[in-house]
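K.L.:
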Amino acid sequence: MGNLLQTSKKLTSLNDIFGGTNDEQNVKSVTKVDINKLIAFSKHPFKLYEGARLDDMVRSVKELGVLTPILVRKLDNGNYEILSGHNRWNAAKMVGLSEVPIYLLEDINDEEAMLIVTETNLIQRSFNDLLPSERACVIAQHHEALKCQGKRFDLLEDIKRLLNADEINNSDTFDLIDQKQNSREKVGSVYDLSSGAVARYLRVNVLSDKLKNFLDDAVIGLYVAVSISYLSNDNQEYLAGFIDSGKKVDIEKANKLKELQKAGKLNEINMAKVLDGTYKPHKKKSILKGYKIKSKVMKKYFQEEQSEDEVESIIEKALELYFKQ
Numbered sequence: 005m006g007n008l009l010q011t012s013k014k015l016t017s018l019n020d021i022f023g024g025t026n027d028e029q030n031v032k033s034v035t036k037v038d039i040n041k042l043i044a045f046s047k048h049p050f051k052l053y054e055g056a057r058l059d060d061m062v063r064s065v066k067e068l069g070v071l072t073p074i075l076v077r078k079l080d081n082g083n084y085e086i087l088s089g090h091n092r093w094n095a096a097k098m099v100g101l102s103e104v105p106i107y108l109l110e111d112i113n114d115e116e117a118m119l120i121v122t123e124t125n126l127i128q129r130s131f132n133d134l135l136p137s138e139r140a141c142v143i144a145q146h147h148e149a150l151k152c153q154g155k156r157f158d159l160l161e162d163i164k165r166l167l168n169a170d171e172i173n174n175s176d177t178f179d180l181i182d183q184k185q186n187s188r189e190k191v192g193s194v195y196d197l198s199s200g201a202v203a204r205y206l207r208v209n210v211l212s213d214k215l216k217n218f219l220d221d222a223v224i225g226l227y228v229a230v231s232i233s234y235l236s237n238d239n240q241e242y243l244a245g246f247i248d249s250g251k252k253v254d255i256e257k258a259n260k261l262k263e264l265q266k267a268g269k270l271n272e273i274n275m276a277k278v279l280d281g282t283y284k285p286h287k288k289k290s291i292l293k294g295y296k297i298k299s300k301v302m303k304k305y306f307q308e309e310q311s312e313d314e315v316e317s318i319i320e321k322a323l324e325l326y327f328k329q
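So for the sequence shown, the numbering used here puts the first residue at 5; every next one is plus one.
Put into structure tokens, the structure is as follows:
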């Protein structure tokens, strides 16, 4: 096909990508590439359209083609990694298109790429329409962006402003919030969530992919997901296997697993017992329930004719002197 990008130019800002005009300069910034040279974003956290929504997109692409160019960055191997447009790409493949239009975005590092992926998906969908794991990813990325500030912070603002942000509800996109708020409060203000809810989603984001899927499929609840997010990677893998086999995890069991993890006592065997309801912690005997002094000690310090009350009094006074030292 020759040079696939001979008509493209370096895009220095998101304005080059998402500017609303159709002048000659913007048209030249678009090129078509072989659809097989596009690959999905390596850490794409969003599920592709299914059902009626997918059918509608396939029908549209079949009739009109891919109208909005797919946002990509070039990889070292010559392929292009999709940052925005996974569903358009999927529909184009289903229709059988050999080429698709792209915008090439250069000088984007991995963190910025992830931010673009989450922000553009959020702009295209309502936050409330996202699956729990998708919400967690979006919140985590915005939380991280708030901590980083600078270039990545400006990147969010560019995306918001240039994708008709004035028409998007404030609860559906990122906004600059009072700098006096902490990062959790800022993110919560964007999505109408409490600081505690933001913290819970941040915990969900560190779950293994298998456990996130169980959350999205309502096999486990949000609070259960938060508790088991504290488990080690190995223990999360064990737990996913148990859930696959039909074991149920309620909040009580999840908290027990978290407790055992913190104490360093959680393993596959104890986990199975917790899930079966048969786990019984080993209890140490307490001396507060009674302690018997050995006979040789009694004979050494006491006489047989001394009464029980007298012996107890002597022991009590001896202990008082000992603990005063």
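For each residue, glycine too, the CB sits at the ideal point set by N, CA and C. From a predicted model like this one, the values you see are computed outputs, not experimental measurements.
1) So, for E316: in the same chain, excluding its five sequence neighbours on each side, which residues have a beta-carbon less than 8 Å away from its beta-carbon?
2) Based on DSSP bridge pairs, tell me the residues matched to K36.
3) Return helix, strand or coil for Y326, following the three-state DSSP convention.
4) Straight-line CA distance for F45 to Y283?
5) Considering only residues of the same chain and omitting the five flanking positions on each side of H48, which have a CB-CB separation below 7 Å?
6) Since V76 sits in a beta bridge, which residues does DSSP pair it with?
7) In whole angstroms, give me the CA-to-CA distance for Y107 and I43.
8) With DSSP collapsed to three states, give me the class of L330.
9) Quick one: Cα of Q240 to Cα of P285, how far?
10) Relative to the C-alpha of N209, which candidate in L79, D133, K262, E148 has its C-alpha closest?
11) If distances are taken between C-alpha atoms only, which option among L226, K296, V99 comes closest to A203?
12) Do you know whose CA, among V76, N94, Y205, lies nearest D59's CA?
13) Would you give the residue range spanned by the alpha helix (DSSP H) that S231 belongs to?
14) Whose C-alpha, out of S299, D248, S236, E54, is nearest the C-alpha of A267?
15) Assign S317 to one of three DSSP states: helix, strand, or coil.
16) Rounded to a whole number of angstroms, what is the C-alpha to C-alpha distance between A144 and F327?
17) Kindly indicate the opening and closing residues of the alpha helix (DSSP H) around L270.
18) Measure the C-alpha to C-alpha separation of K51 and E123 and round it to an integer number of angstroms.
19) By how many angstroms is the C-alpha of L79 removed from the C-alpha of G200?
20) Which residues in the same chain have their Cβ closer than 6 Å to the Cβ of V65, if we skip the five residues on either side of it in sequence?
21) Using a Cβ-Cβ cut-off of 6 Å (strictly less than) and excluding sequence neighbours within five positions of F246, which residues of its own chain qualify?
22) Do you know offhand how far K269's Cα is from I86's?
23) Alpha carbon to alpha carbon, how far is Q185 from K41?
P.N.:
For this structure:
1) Annotation for E316: no residue places its beta carbon closer than 8 Å to its own, counting only its chain and skipping 5 residues before and after.
2) P105
3) helix
4) 43 Å
5) H90, V121
6) I86, L108
7) Rounded to whole angstroms, Y107 to I43 spans 14 Å at the Cα level.
8) The chain is shown from 5 up to 329; residue 330 falls before or after that span and cannot be answered.
9) Straight-line measurement puts the Cα of P285 at about 21 Å from the Cα of Q240.
10) Distance from the Cα of N209 is smallest, within the candidate group L79, D133, K262, E148, for E148.
11) L226
12) N94
13) 226-232
14) Minimum Cα distance to A267 is reached at S236.
15) helix
16) 53 Å
17) Boundaries cannot be given for L270, as no alpha helix (DSSP H) includes it and DSSP labels it neither H nor E.
18) 15 Å
19) 39 Å
20) A95, A96, V99
21) L279
22) 43 Å
23) For Q185, the predicted structure reports a pLDDT of 49, less than 50, and the residue's modelled location is therefore unreliable. A value from the coordinates is still provided. Q185 and K41: Cα-Cα distance of roughly 44 Å.
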